[in-house]
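**Student:**
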Amino acid sequence: MIAQEVLNEWYPVAMAAQIRAGQRRVTQLLGQPITVELQKGAIVVTGQGGALHVTEAYGHVWACPGTPAHDLFPIPEALEPCRRLVDVGVVRVKCSPLRAVENFLDIAHFPFVHTDVLGAEPHTEVNRYEVQIREDSDEVWATKVTFYQPQAAKSAEGGIVTQYMYRVAAPTAAVLYKTCPNRTDAWDVIGIFVQPLTEELCDVWPWMALYDDVTPQAELIAFQQMIFLQDRSILENQIPRLLPLDPGMEIPTQADLTSIAYRRWLKKRGLTYGAQMVAA
Amino acid sequence: MIQLYDYVLSASCYKVRLMAALVGVKMDLEAVDFHPGRAHKSVEFAQLNPAGTLPVMVDGDMILTESTAMLVYLAKRAGPQWLGPDDAKSAAQVQQWLAFSGRLAASLGMARLHDMLLYKGDIDAWRAQGHAALRELEAALTERRFAGGEWLVGDTPSIADIACFPNAALSQDGGVSLDAYPSVRLWTRRIRALDRFIEMPGIHRLHELSPTPKVA
Numbered sequence: 210m211i212a213q214e215v216l217n218e219w220y221p222v223a224m225a226a227q228i229r230a231g232q233r234r235v236t237q238l239l240g241q242p243i244t245v246e247l248q249k250g251a252i253v254v255t256g257q258g259g260a261l262h263v264t265e266a267y268g269h270v271w272a273c274p275g276t277p278a279h280d281l282f283p284i285p286e287a288l289e290p291c292r293r294l295v296d297v298g299v300v301r302v303k304c305s306p307l308r309a310v311e312n313f314l315d316i317a318h319f320p321f322v323h324t325d326v327l328g329a330e331p332h333t334e335v336n337r338y339e340v341q342i343r344e345d346s347d348e349v350w351a352t353k354v355t356f357y358q359p360q361a362a363k364s365a366e367g368g369i370v371t372q373y374m375y376r377v378a379a380p381t382a383a384v385l386y387k388t389c390p391n392r393t394d395a396w397d398v399i400g401i402f403v404q405p406l407t408e409e410l411c412d413v414w415p416w417m418a419l420y421d422d423v424t425p426q427a428e429l430i431a432f433q434q435m436i437f438l439q440d441r442s443i444l445e446n447q448i449p450r451l452l453p454l455d456p457g458m459e460i461p462t463q464a465d466l467t468s469i470a471y472r473r474w475l476k477k478r479g480l481t482y483g484a485q486m487v488a489a
Numbered sequence: 056m057i058q059l060y061d062y063v064l065s066a067s068c069y070k071v072r073l074m075a076a077l078v079g080v081k082m083d084l085e086a087v088d089f090h091p092g093r094a095h096k097s098v099e100f101a102q103l104n105p106a107g108t109l110p111v112m113v114d115g116d117m118i119l120t121e122s123t124a125m126l127v128y129l130a131k132r133a134g135p136q137w138l139g140p141d142d143a144k145s146a147a148q149v150q151q152w153l154a155f156s157g158r159l160a161a162s163l164g165m166a167r168l169h170d171m172l173l174y175k176g177d178i179d180a181w182r183a184q185g186h187a188a189l190r191e192l193e194a195a196l197t198e199r200r201f202a203g204g205e206w207l208v209g210d211t212p213s214i215a216d217i218a219c220f221p222n223a224a225l226s227q228d229g230g231v232s233l234d235a236y237p238s239v240r241l242w243t244r245r246i247r248a249l250d251r252f253i254e255m256p257g258i259h260r261l262h263e264l265s266p267t268p269k270v271a
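Top to bottom, those sequences are chains A and B.
All residue numbers for the first sequence refer to the working numbering, where the first residue is 210 and numbers rise by one.
All residue numbers for the second sequence refer to the working numbering, where the first residue is 56 and numbers rise by one.
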């Protein structure tokens, strides 16, 4: 039995451009079979009990199998005219959808998993940053995050200290804002949209809204896929498979503040699909 | 300069990038939107490679579309010791492994595309064929170890090792564990320890602990 709180959230289920091009996607959402397809010019998501609530945003199709508790979260930057919007494409990962989000929020692994790209030894220290659960939007935010990066983006030349903000906008969707190597007055925006197929299997759709007029699309996609696929083999080997929401064997450190806030936020809101409640 | 039409997640493309790095050849990498764009199946790409496969190597008027041929080209140009010993038996064995690497791609490689990028096909058959190929590789490497060797052919690493390495090392991506293949695991570690080795997503570099901890 899946909690109503879980059913009433929005989840990504397809890349909108592929469905609009006539592809039919037979897939799963929260363990139930669904179909995403174009019917008379409209994108329709059908489950066993009939049509699901659907919305289209940030290059993807989002569905809610229950009664939407709220609108899909806003990303105002997606509407800025000069940004390059990049659909990175689906990658399947054999892990809890919540672990996929948590990994996206983690900074400490950069030098070890994304060596010489998002981090490098000996620059392994995670400086202090701030985390809050914002009351108005009911989102988790990490701000004032800084990290030394040898190649922060495809357009970066040489190492820079990158500034980050992280945001958990939905149970299985997170967005980060990071220093844009091309512009000092704007952030690059990168999202990770996770479709929970089951509690231990997910389809992950990275997405980007960048200021970069130069880099070919194929290179932007390749860069982000490279980053995410470096994570994939780590994610598939994490134990326990489900994300523990109660403190147990794991001892968090200062660097894990965002992860702790994410877990607390999930627990408080009853968003336990892909989580385990008993101490690990 | 040699131009390589490349996809960052492709085991076959990585094979060529790795070889080039090991022999110190710089290439111009041209990223192709293999996923999700399927640009390798486009009309424009077919003019370059009618088979619609990656990688493609272009050097002057020469176009190569088979990754094993690219390994030969890079080795012959910049590191002939990578071609293996010159005797008839060794030369034939190198060719044997180059062809065998195609079986790894057709089994473990397809299982990986299925599990990772949602390619449709018979996953059970791909995994079974992958295990069969890994058993052959494990047996050969174990025989080599018993005989005091470390590499597939000869006393030094060769294009035979590089051809077989990526799909074997990435087998876990397709749901095939290397737990039952200790000689394969040791051999992948040897390759990762080579000078000028480069990694790809799913094949991590060896992280040295520095300073080395003292053993009591």
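We put the beta carbon where it would ideally sit given N, CA and C, even for glycine.
Keep in mind that this is a model prediction, so the values were computed, not measured.
Name, please, each residue of chain B whose Cβ falls closer than 7 angstroms to the Cβ of P425 (chain A).
**Tutor:** The residue given as residue 425 (chain A) occupies position 216 in the first sequence. Neighbours of P425 (chain A) on chain B, chain order: A86.
**Student:** Rounded to the nearest angstrom, what separates A431 (chain A) and V63 (chain B) at their Cα positions?
**Tutor:** As a first step, residue 431 (chain A) must be located in the first sequence, where it is residue number 222. As a first step, residue 63 (chain B) must be located in the second sequence, where it is residue number 8. Distance between the alpha carbons of A431 (chain A) and V63 (chain B): 6 angstroms.
**Student:** With distances taken Cα to Cα, identify the nearest neighbour of P212 (chain B) among B:P140, B:P110, B:Q58 and B:E99.
**Tutor:** In the second sequence, the residue the question calls residue 212 (chain B) occupies position 157. Taking only the C-alpha atoms, the option nearest P212 (chain B) is B:P140.
**Student:** How should K70 (chain B) be labelled, buried or exposed, when 16 other C-beta atoms within 10 angstroms of its C-beta is the threshold for buried?
**Tutor:** By one-based count along the second sequence, residue 70 (chain B) stands at place 15. So K70 (chain B) counts as buried.
**Student:** Check the DSSP bridge columns for D296 (chain A) and list the partner residues they point to.
**Tutor:** The residue labelled residue 296 (chain A) in the question sits at position 87 within the first sequence. Answer is A:W416.
**Student:** P242 (chain A) bridges to which residues according to DSSP?
**Tutor:** Translated into the one-based positions of the first sequence, residue 242 (chain A) becomes position 33. Its beta-bridge partners are A:Q237.
**Student:** What are the boundary residues of the beta strand (DSSP E) that V270 (chain B) is part of?
**Tutor:** Taking the second sequence and counting its residues from 1, one reaches residue 270 (chain B) at position 215. Where V270 (chain B) is concerned, there is no enclosing beta strand (DSSP E), given that its DSSP letter is neither H nor E.
**Student:** Less than 6 angstroms between C-beta atoms, sequence neighbours within five positions excluded: which residues of the same chain meet that for D234 (chain B)?
**Tutor:** As a working note, residue 234 (chain B) is residue 179 in the second sequence. No residues qualify anywhere along the chain.
**Student:** Give a yes or no on whether the minimum CB-CB distance between T407 (chain A) and chain B is below 8 angstroms.
**Tutor:** Translated into the one-based positions of the first sequence, residue 407 (chain A) becomes position 198. No, T407 (chain A) does not count as interfacial toward chain B.
**Student:** So Y220 (chain A) and L247 (chain A) are supposed to be a Cβ contact under 8 angstroms. How far apart are they, rounded?
**Tutor:** Here residue 220 (chain A) is taken as the residue at index 11 of the first sequence, counted from 1. Here residue 247 (chain A) is taken as the residue at index 38 of the first sequence, counted from 1. That belief does not hold up - the Cβ atoms of Y220 (chain A) and L247 (chain A) are roughly 19 angstroms apart, past 8 angstroms.
**Student:** I'd like to know whether the C-beta atoms of P405 (chain A) and Y357 (chain A) end up nearer to each other than 8 angstroms.
**Tutor:** Residue numbering aside, residue 405 (chain A) sits at position 196 when the first sequence is read from its first letter. Residue numbering aside, residue 357 (chain A) sits at position 148 when the first sequence is read from its first letter. Cβ atoms of P405 (chain A) and Y357 (chain A): not closer than 8 angstroms.
**Student:** Mark Q360 (chain A) as exposed unless 16 or more other C-beta atoms lie within 10 angstroms of its C-beta, in which case mark it buried.
**Tutor:** As a working note, residue 360 (chain A) is residue 151 in the first sequence. Buried: at least 16 other Cβ atoms inside 10 Å.
**Student:** Between the C-alpha atoms of G92 (chain B) and E198 (chain B), what's the straight-line distance to the nearest angstrom?
**Tutor:** Counting from one through the second sequence, the residue named residue 92 (chain B) turns up at place 37. Counting from one through the second sequence, the residue named residue 198 (chain B) turns up at place 143. Roughly 44 angstroms between the two C-alpha positions.
**Student:** Are the C-beta of D421 (chain A) and some C-beta of chain B separated by less than 8 angstroms?
**Tutor:** Here residue 421 (chain A) corresponds to residue number 212 of the first sequence, with the count starting at 1. Judged by the 8 angstroms Cβ criterion, D421 (chain A) is not in contact with chain B.
**Student:** Using a cut-off of 8 angstroms between C-beta atoms, extract the partners of R182 (chain B) located in chain A.
**Tutor:** Sequence index remark: in the second sequence, residue 182 (chain B) carries index 127 (1-based). Here the premise fails: no neighbours, minimum Cβ distance about 14 angstroms.
**Student:** Please list, in chain order, the residues of the stretch 220–246 of chain B that have any C-beta partner in chain A closer than 9 angstroms.
**Tutor:** Within the stretch 220–246 of chain B, the qualifying residues are L225, Q227, D228 and G230.
**Student:** Is the beta carbon of V300 (chain A) closer than 8 angstroms to that of E445 (chain A)?
**Tutor:** Position 236 of the first sequence, counting from 1, holds the residue named residue 445 (chain A). Position 91 of the first sequence, counting from 1, holds the residue named residue 300 (chain A). No, these two residues do not count as a Cβ contact at 8 angstroms.
**Student:** Which complete alpha helix (DSSP H) runs does the stretch 59–147 of chain B hold, if anything under 4 residues is left out?
**Tutor:** With a minimum length of 4 residues, the continuous alpha helix (DSSP H) runs that stay inside the stretch 59–147 of chain B are 66–78, 98–103 and 122–133.
**Student:** Counting only the same chain and skipping the five closest in sequence on each side, list residues whose C-beta sits under 8 angstroms from that of G157 (chain B).
**Tutor:** As a working mapping, residue 157 (chain B) is identified with position 102 in the second sequence. For G157 (chain B), where only same-chain residues beyond five positions count, the Cβ hits under 8 angstroms are T123.
**Student:** According to DSSP, is K249 (chain A) part of a helix, a strand, or is it coil?
**Tutor:** The residue you call residue 249 (chain A) lines up with position 40 of the first sequence. K249 (chain A) falls in the coil class under three-state DSSP.
**Student:** Going along the chain, which residues of its own chain have a beta-carbon closer than 8 angstroms to the beta-carbon of A188 (chain B), five neighbours each way excluded?
**Tutor:** Locating residue 188 (chain B) in the second sequence gives position 133, where the first residue counts as 1. Closer than 8 angstroms at Cβ, skipping near neighbours: F155, R158, L159, S162 and L163.
**Student:** Per DSSP, what are the beta-bridge partners of Y386 (chain A) in this structure?
**Tutor:** Within the first sequence, residue 386 (chain A) is the residue found at index 177, counting from 1. The partner list for Y386 (chain A) (beta bridge, DSSP) reads A:M374 and A:V398.
**Student:** Count the CB pairs spanning the stretch 220–233 of chain A and the stretch 263–276 of chain A that are closer than 8 angstroms, and state whether there are at least three.
**Tutor:** With a cut-off of 8 angstroms, the stretch 263–276 of chain A and the stretch 220–233 of chain A count as touching, because enough Cβ pairs lie within range.
**Student:** Between the Cα of A166 (chain B) and the Cα atoms of B:M56, B:H259, B:S65 and B:L59, which residue gives the shortest distance?
**Tutor:** As a working note, residue 166 (chain B) is residue 111 in the second sequence. Nearest of B:M56, B:H259, B:S65 and B:L59 to A166 (chain B), Cα basis: B:S65.
**Student:** What are the start and end residues of the alpha helix (DSSP H) that includes R308 (chain A)?
**Tutor:** To locate residue 308 (chain A), count along the first sequence from 1; it is residue 99. Looking at the DSSP string, the run of the alpha helix (DSSP H) that includes R308 (chain A) is P306 to L314.
**Student:** Leaving out five residues before and five after A260 (chain A) in sequence, what residues of the same chain have Cβ atoms less than 8 angstroms from its Cβ?
**Tutor:** Position 51 of the first sequence holds residue 260 (chain A). Same-chain partners within the cutoff: V253 and V254.
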